[in-house]
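Residue numbers for the sequence shown follow my numbering, so the first one is 2 and each next one is one higher. Here's the structure, in structure tokens; my notes come after.
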Amino acid sequence: VELMRGLESALGSCFSSEPLAPPTNPLIVVISGPSGVGKDALIK
Numbered sequence: 002v003e004l005m006r007g008l009e010s011a012l013g014s015c016f017s018s019e020p021l022a023p024p025t026n027p028l029i030v031v032i033s034g035p036s037g038v039g040k041d042a043l044i045k
């Protein structure tokens with residue numbers, strides 16, 4: 002804890018445990034259909 006406070010003081014900035022990037026909103030897409038209709042062409 003002392004080391005962290007010393008670093009914060011030296012850098013003039015407070016460290017945070019918050020993520021650097023906002024949380025993402027994952028999306029799952031299911032592609033279904035019979036064999037041979039080109040489902041893999043959608044992925045490429």
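The beta-carbon is built from N, C-alpha and C at its ideal position, and this holds for glycine as well.
Looking only at C-alpha atoms, which of the options sits nearest to residue i?
i: Ser17; options: Arg6, Ala42, Val31 and Val38; result: Arg6
i: Cys15; options: Pro23, Ala22 and Leu4; result: Leu4
Per DSSP, what kind of secondary structure is residue i in: helix, strand or coil?
i: Ser10; result: helix
i: Glu3; result: helix
i: Leu43; result: helix
Compute the beta-carbon to beta-carbon distance between residue i and residue j, rounded to the nearest angstrom, for a pair I have assumed lies under 8 Å.
i: Leu21; j: Ile32; result: That belief does not hold up - the Cβ atoms of Leu21 and Ile32 are roughly 33 Å apart, past 8 Å.
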